[in-house]
Amino acid sequence: MLLLYNGKISTLDSNNSEFSAIGIENERILFLGSDEEGLKKNCSNKIDLQGKRVLPGFIDSHMHLIHYAFFSTNLVLFGQNSIKDIQEMVQKKIQEKKSYILGMGWNQAYLEEKRMITKDDLDAVSTEIPICLLRSCGHIASMNTKALEMVKTKGYHPDYEPLIDWDKGILREEANKLYMSILPDFTTEDIEELIRYSVSHLHKAGITSIHSDDFQTLPCDFEEIIKAYRSLEEKDELNIRVYEQCLFLYDKEFKRFIDAGYSTDKDGDSLFRLGPRKLLQDGSLGARTAAMREPYSDKDTLGDITFDQKTLDHYVQEAADNNMSVAIHGIGDKAIEMGIDAIEKTLVDDPKNTIRNSIVHSQITPADLIKRMADSNILALSQPNFIEDDMNVVYERLGKERAESSYCWKSMLEASVPLSGGSDSPVTDFNIMKNIYAAVTRKNLAGTKEYLPEEGLDIDTAIRLFTQMGAYPSFDENKKGTLETGKFADLVVLEEDLYTVEKEHLKDIEIAMTICNGKIVYENKEESYG
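The opening position of the sequence shown corresponds to residue 12 in the numbering used here, with each subsequent residue numbered one higher.
This is how it looks when you write it as structure tokens:
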């Protein structure tokens, strides 16, 4: 048995029990109690926690694991403040003899030019090397002429035409997936390497479980993604729990998925499991593509709706008919309303949504939508870090009334909406401590701006968003999310106690150790344990 003792172990169980020692054996929690009790047991390894705080392993309920690795190892543009600087970064990448340039992270709100990057901007760097740069939200892509030429010959479909501005080289929503046109083929081994890269970084953040949307990240079939994950698990190299949010661009692909015998895995113990059918119903607030009931305040547009109601209803019902839940991307109130409408129609025989359908993001949620989500037990998968950028544009985009119905986490919980926390990485940082800071303080990382502080959460609830509440969407509340005997041995050790530090310091707390499935997968080497 591995024994961790002399700690402050927060179980987050129904009694909020706390212990000083925890014993782990065969991937499960075997013992919780005092140091005296623990040290009497037969232990193969003992670790003195030196008084550190221990929590259940963190759960990120929505991110893009492969996407994070792929863009992190290419061109990272987050934080850049001018198109000129971005052009120089692209030029440096070209000098590294890259056959293509793919980047992500620019945001026109932070650029000196206060506009989107265009084809002309990228052609000024190169017309020979294909270049594609995704906006920070991942819902807008800017391409140069060479990349657009490749799009026309590989992957283009007439359905994308309304979403492509060929003159400016700007692609929106589903069309931005055409960045894959400029990429080479990826082998299973290539995909495995990307997964390993992301997992190593997730461990440093104390994350032991994720819900990941990966199927439409690389130019390969969804079967290759599944194969790569399962191959790593078979080789005992995955070391993280992955619940796949299964996105398909075409219904025929979903039917092929179902015909192959796949569905939502509600009760498995495998590290890699298939989760809900992912459906993208709108875009992002920053790009003005989030679908709204009423026009934006700063532009005469309602945003973008991906599917009409009849089509969305069909896709949700199709999933339900195959015992599969759905996770619908909805940021604007119109997209969320349409998602609720579609889900409710499938709940005639399941009024409490035991299949656990969810709305990913659930951003603009006036009281009527919160009530409907609560009444039908529709889950909200939210991202506290999103307020960092959105607080700077939401009043301008939507006006005061709608802006104050944004990210209403406290109101959702008070109405009994099942809520969990995520990052949408690489859109925002998957650092859970930064997410907890945002959920508690409702401030930007600099601490200079505050957004709807009345919707802030207490520290215990914010922690539960990424632990106990995070286990519910994947049907795992009896297996993880709290530290109890018999549950998976997934836990995180913190360098500082988040219950005692100042709220403003929450974002700076580092991870001392991460244990997933009973295995120590990360240790802060600056610390020594014995």
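Ideal placement from N, C-alpha and C gives every residue a C-beta, glycine not left out.
Nothing here was measured: the structure is a model prediction, and the numbers come from that model.
Expected contact under 8 Å - CB spacing of residue i and residue j to nearest Å
i    : j    : result
P67  : L380 : So it is not a contact: roughly 30 Å between Cβ atoms.
A193 : Y111 : Reading off the sequence shown, one finds Ile at residue 193, where the question assumed Ala. Correct: roughly 5 Å between the Cβ atoms.
H73  : Q394 : 7 Å
V405 : L392 : That pair is no contact at about 19 Å.
S153 : T129 : 6 Å
P464 : R475 : Rounded, the Cβ-Cβ distance is 20 Å, inconsistent with contact.
N396 : T439 : 4 Å
Which of helix, strand or coil DSSP assigns to residue i
i    : result
I112 : strand
W420 : helix
G541 : Note that G541 scores 49 on pLDDT, short of 50, meaning its location in the model is unreliable and no value can be drawn from it.
K498 : coil
K310 : coil
D71  : strand
Q98  : helix
R453 : coil
A426 : coil
T472 : helix
G433 : coil
T84  : coil
M524 : strand
K57  : strand
E461 : strand
L11  : It is not possible to answer for residue 11, since the shown part of the chain is limited to 12 through 541.
L555 : The shown model of the chain, from 12 to 541, leaves out residue 555, and the question about it has no answer.
D440 : coil
D487 : coil
D262 : helix
D178 : coil
Alpha-carbon spacing of residue i relative to residue j, whole angstroms
i    : j    : result
L88  : K95  : 12 Å
L243 : M384 : 37 Å
L509 : S220 : 21 Å
G541 : S281 : Only weak support is given to the placement of G541: the predicted model assigns it a pLDDT of 49, under 50, and the value that follows is read from those uncertain coordinates. The straight-line gap from Cα to Cα measures roughly 32 Å.
F499 : I237 : 23 Å
K536 : M524 : 9 Å
P437 : I20  : 31 Å
F197 : E203 : 10 Å
D332 : D315 : 28 Å
T228 : A216 : 23 Å
T317 : L260 : 11 Å
A457 : K266 : 47 Å
M114 : G467 : Going by the sequence as given, residue 114 is Gly instead of Met. Looking at the two C-alpha atoms, the distance is approximately 33 Å.
L144 : N187 : 10 Å
N27  : K382 : 29 Å
E415 : I398 : 12 Å
R241 : L13  : 27 Å
V210 : D247 : 13 Å
S433 : T199 : Ser is not the amino acid found at residue 433; the sequence shown has Gly there. Cα-Cα distance, rounded: 27 Å.
R258 : F226 : The question names Arg, yet the displayed sequence has Leu at residue 258. Cα to Cα, L258 sits roughly 6 Å from F226.
I470 : E160 : 51 Å
R39  : N334 : 29 Å
L41  : T511 : 28 Å
D309 : W420 : 26 Å
C527 : E36  : 12 Å
V327 : P306 : 27 Å
S45  : D59  : 13 Å
T312 : A302 : 9 Å
N155 : A80  : 23 Å
L505 : A473 : 16 Å
Y29  : Q102 : Reading the sequence as shown, one finds Glu at residue 29 and not Tyr. Cα to Cα, the separation comes out at about 55 Å.
Any non-hydrogen atom of the ligand SAH closer than 7 Å to residue i Cβ
i    : result
E348 : Absence of the ligand SAH is noted for the structure shown, with no ligands found whatsoever.
DSSP beta-bridge partners of residue i
i    : result
D24  : Per DSSP, none; premise fails for D24.
H372 : G341
V65  : I20, V504
G44  : A32
C257 : R288
K125 : K125 is not bridged to any residue.
I546 : As displayed, the chain neither begins before 12 nor continues past 541, which places residue 546 out of reach and without an answer.
I193 : Paired residues: none, contrary to the question.
W117 : R146
R183 : I151
Check your understanding: What are the start and end residues of each continuous alpha helix (DSSP H) run of 4 or more residues lying completely inside the stretch 269–350, in chain order?
Key -> 320–332
Practice item. Can you check the stretch 203–254 for any alpha helix (DSSP H) of at least 4 residues that lies completely inside it and give the ranges in chain order? Key: 233–245
Practice item. Pick out the complete beta strand (DSSP E) segments inside the stretch 134–165, 3 residues or longer, and give them in chain order. Key: 142–146, 151–154
Exercise for review: Quick one: which unbroken beta strand (DSSP E) runs of 3-plus residues sit fully inside the stretch 352–410? Chain order, please.
Suggested key: 369–372, 390–393
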